[in-house]
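Heads up, the thing below is written out as structure tokens.
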């Protein structure tokens, strides 16, 4: 099914699915596990709306694409236009939902493209590359300490908190607004903690903001 923003109670969000602005290496341990330098400012890239699918659907793997890696991220749904220099108050007020997303990555292809100094959208922006959950009201959470966790087949693979981000969420939105205009319906996914790895057919995934949001999915070939 096509992705439609909605809240965790099933209420649709009357916003279009826009672009997804992604933040690379926003957790120092994740940068280190991939032998990447820790950035001095946010590393940004974009996934198109066509990459977004409901996280409640099965994740489809294609052997022709090569191994697909999972990266679990906190997702911020944008409700107000942000452009240029915005205040922290404006940035925080623009967040109308907090959810979870998987930044799926064709890691071997990404490494090949990076080695040639080529853009690597082909490894990050393919159809289905951004399974996304429903959203909860941001008033239910403290932006400075949003926890996230991923288990696969009952084993915890990733866990972290927004408190561990190199660039906190409000500061991220202010930085992004100076680079890309954010429009209502856009989503910002805020980086992944350490523990990324390869998905396999039959894997059962459970993503959560503990005590607030839970989403299960599975992988099929």
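Numbering (the UniProt record's numbering), first residue to last: 1 to 221. All C-beta atoms in this analysis are idealised placements derived from N, C-alpha and C, irrespective of residue type, glycine included.
Check: At which residue ranges does the region 71-97 contain complete beta strand (DSSP E) runs of 3 or more residues, listed in the order of the chain?
Finding: 72-78
Counted within 10 angstroms of its Cβ, other Cβ atoms place residue 118 as buried (16 or more) or exposed = exposed
Is residue 84 closer than 8 Å to residue 171 when the C-beta atoms are compared?
no
*Note down the Cα distance separating residue 87 from residue 93, rounded to an integer number of angstroms.*
10 Å
For this session: Output the boundary residues of the alpha helix (DSSP H) element that contains residue 113.
Result: 107-115
Q | the region 69-77 touching the region 94-107, judged by at least three CB pairs closer than 8 Å | A | yes
Original post:
Should residue 211 go down as buried or exposed, given a rule of 16 or more other Cβ atoms within 10 Å for buried?
Top reply: exposed
**OP:** Report yes if the C-beta distance between residue 131 and residue 101 is below 8 Å; otherwise report no.
**Re:** yes
Give the DSSP bridge partners of residue 198, in chain order. 69
message = Whole angstroms are fine: how far does the CA of residue 48 sit from the CA of residue 21?
response = 9 Å
| request: With distances taken Cα to Cα, identify the nearest neighbour of residue 66 among 115, 191, 110. | output: 110
Legend entry - Check whether residue 78 and residue 188 have beta carbons under 8 Å apart: yes
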